[in-house]
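K.L.:
Attaching a single structure in structure tokens format; questions to follow.
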């Protein structure tokens with residue numbers, strides 16, 4: 001813990017106040033790195049891209065995960081098989097191979113455009129178009145619904161069947177049963193998944209790196225914060241600035257997580 005976690009964390013905190021290029025000892029700068037971040041237009045761009053990516057992909061991902069969990073909870077044959085198959089994207093989506101495959105699927109001659117061509121629609125190179133490139137990353141992140149789906153499924157299995165039976169006796173249909181029973185009793189699971197997926201989405205890197213060729217293109221449309229951090233640290237060897245960026249990212253994630261816990265009191269239901 002001290003060698004691989006606490007030590008590097010404290011070292012990065014110190015380096016965030018220095019100019020460090022790996023080629024010479026760190027030189028103390030005080031708050032200069034943080035002042036530079038305030039005036040860095042590419043950093044502002046990366047923050048905007050990252051917030052759009054997180055706040056669009058995570059809700060879509062959770063909705064898909066919940067919908068599939070509800071479907072599998074209805075007693076589908078071969079549940080273990082489907083659960084494993086749907087969980088696979090969560091294991092594979094962070095890999096370089098899947099990112100390369102995704103780039104091919106959404107390329108000019110990729111599978112998406114081949115399907116559109118059958119309907120007489122001429123597609124574009126989705127990953128190379130500034131208006132659509134980020135959307136391909138959003139779809140890729142939403143595709144990794146396997147982990148939250150399994151957690152949702154476990155939560156659904158814990159809801160007593162007697163609640164639904166009583167509601168059906170009172171004449172409640174599927175929609176009222178979902179909004180009056182399933183959703184309220186599932187709010188702790190929704191909250192848990194929301195916090196985990198928000199943190200994971202802010203840390204996304206591999207997909208953007210591979211799909212954009214490591215530059216966040218086109219026109220910085222896929223310049224996620226972590227990608228820009230990598231570029232400054234390992235591209236420009238500005239490790240001091242990159243360390244400062246890492247601590248700002250930590251502060252953003254901590255603030256949003258704290259806000260989630262604060263707002264959870266208003267919508268998360270815990271049985272007494």
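In the UniProt record's numbering, the protein residues as written are 1 to 272.
In this text, a Cβ means the ideal position worked out from N, Cα and C, and glycines have one as well.
A quick note: this is a predicted structure, and the numbers were derived from the prediction, not measured.
Following the continuous alpha helix (DSSP H) through residue 126, name the residue where it begins and the one where it ends.
P.N.:
The count along the chain shown starts at 1 and reaches residue 126 at position 126. No alpha helix (DSSP H) holds residue 126; DSSP gives it neither H nor E.
K.L.:
Can you confirm whether the region 56-75 touches the region 131-142 when touching is taken to mean that 3 or more C-beta pairs between the two stretches lie within less than 8 Å?
P.N.:
A contact exists between the region 131-142 and the region 56-75.
K.L.:
Would you tell me roughly how many angstroms separate the C-alpha atoms of residue 220 and residue 211, rounded to the nearest one?
P.N.:
Reading the chain shown from its first residue, position 220 is the one you call residue 220. Reading the chain shown from its first residue, position 211 is the one you call residue 211. Those two C-alpha atoms are separated by around 12 Å.
K.L.:
Any chance you could list the alpha helix (DSSP H) runs of at least 4 consecutive residues sitting entirely within the region 135-189, in chain order?
P.N.:
Counting only runs of 4 or more, we get 146-157, 161-169, 174-177.
K.L.:
Quick test of the definition: if touching needs 3 or more C-beta pairs under 8 Å, does the region 237-254 touch the region 4-24?
P.N.:
Taking 8 Å as the limit for Cβ pairs, the verdict is that the region 4-24 does touch the region 237-254.
K.L.:
Residue 33 and residue 16 look like a contact to me (Cβ under 8 Å); what is the Cβ gap, rounded to whole Å?
P.N.:
Counting from one through the chain shown, the residue named residue 33 turns up at place 33. Counting from one through the chain shown, the residue named residue 16 turns up at place 16. Rounded, the Cβ-Cβ distance is 6 Å, consistent with contact.
K.L.:
Short of 6 Å in beta carbon distance, which residues of its chain neighbour residue 216, apart from the five on each side in sequence? Order them along the chain.
P.N.:
The residue you call residue 216 lines up with position 216 of the chain shown. Cβ neighbours of residue 216 beyond the five flanking positions: 222, 223, 227.
K.L.:
Considering just the uninterrupted stretch of the alpha helix (DSSP H) at residue 8, what are its terminal residues?
P.N.:
The residue you call residue 8 lines up with position 8 of the chain shown. That run of the alpha helix (DSSP H) goes 7-15.
K.L.:
Looking at residue 116: is its Cβ nearer than 7 Å to the Cβ of residue 107?
P.N.:
Taking the first residue of the chain shown as position 1, residue 116 is located at position 116. Taking the first residue of the chain shown as position 1, residue 107 is located at position 107. The answer is no: Cβ separation not under 7 Å.
K.L.:
For residue 271, name the three-state secondary structure that DSSP assigns.
P.N.:
Here residue 271 refers to the residue found at position 271 when the chain shown is read from its first residue. Coil.
K.L.:
Give every residue of the same chain whose Cβ lies closer than 6 Å to the Cβ of residue 199, excluding the five residues on either side of it in the sequence, and list them in chain order.
P.N.:
Translated into positions along the chain shown, residue 199 becomes position 199. Only 253 meet the Cβ criterion.
K.L.:
Would you call residue 131 buried or exposed, if buried means 16 or more other Cβ atoms sit within 10 Å of its Cβ?
P.N.:
To locate residue 131, count along the chain shown from 1; it is residue 131. It counts as exposed.
K.L.:
Using the rule of at least 16 other Cβ atoms within 10 Å of the residue's Cβ for burial, across every protein chain shown, is residue 20 buried or exposed?
P.N.:
Taking the chain shown and counting its residues from 1, the one referred to as residue 20 is at position 20. With 16 or more other Cβ atoms within 10 Å, it is buried.
K.L.:
Only counting the same chain, and skipping five residues up and downstream in sequence, which positions put a Cβ closer than 8 Å to that of residue 100?
P.N.:
Here residue 100 refers to the residue found at position 100 when the chain shown is read from its first residue. If we look at residue 100 and ignore the five residues flanking it on each side, its Cβ neighbours are 210.
K.L.:
What does a CB cutoff of less than 7 Å around residue 90 pick up in its chain, not counting 5 residues either side in sequence?
P.N.:
Residue mapping note: residue 90 aligns to position 90 of the chain shown, counting from 1. Closer than 7 Å at the Cβ level, and outside the excluded window around residue 90, lie 144, 146, 147.
K.L.:
Would residue 257 pass as a contact of residue 169 if the rule is Cβ separation under 7 Å?
P.N.:
One-based indexing of the chain shown puts residue 257 at position 257. One-based indexing of the chain shown puts residue 169 at position 169. Contact: no.
K.L.:
Between the Cα of residue 160 and the Cα atoms of 186, 84, 249, which residue gives the shortest distance?
P.N.:
The residue labelled residue 160 in the question sits at position 160 within the chain shown. With distances taken between Cα atoms, residue 160 lies closest to 186.
K.L.:
Which stretch, first to last residue, makes up the alpha helix (DSSP H) that contains residue 51?
P.N.:
Walking along the chain shown from the start, residue 51 turns up at place 51. Where residue 51 is concerned, the enclosing alpha helix (DSSP H) stretches over 41-72.
K.L.:
Report the residue from 72, 218, 246 whose alpha carbon sits nearest the alpha carbon of residue 155.
P.N.:
As a first step, residue 155 must be located in the chain shown, where it is residue number 155. Nearest C-alpha to residue 155: 72.
K.L.:
Pull up the CB-CB distance for residue 126 and residue 112, whole angstroms please, since I reckon it's below 8 Å.
P.N.:
Taking the first residue of the chain shown as position 1, residue 126 is located at position 126. Taking the first residue of the chain shown as position 1, residue 112 is located at position 112. Indeed they touch by this definition, with Cβ atoms about 7 Å apart.
K.L.:
Is the beta carbon of residue 188 closer than 7 Å to that of residue 85?
P.N.:
In the chain shown, counting from the first residue as 1, residue 85 sits at position 85. In the chain shown, counting from the first residue as 1, residue 188 sits at position 188. No, the Cβ-Cβ distance between residue 85 and residue 188 is not below 7 Å.
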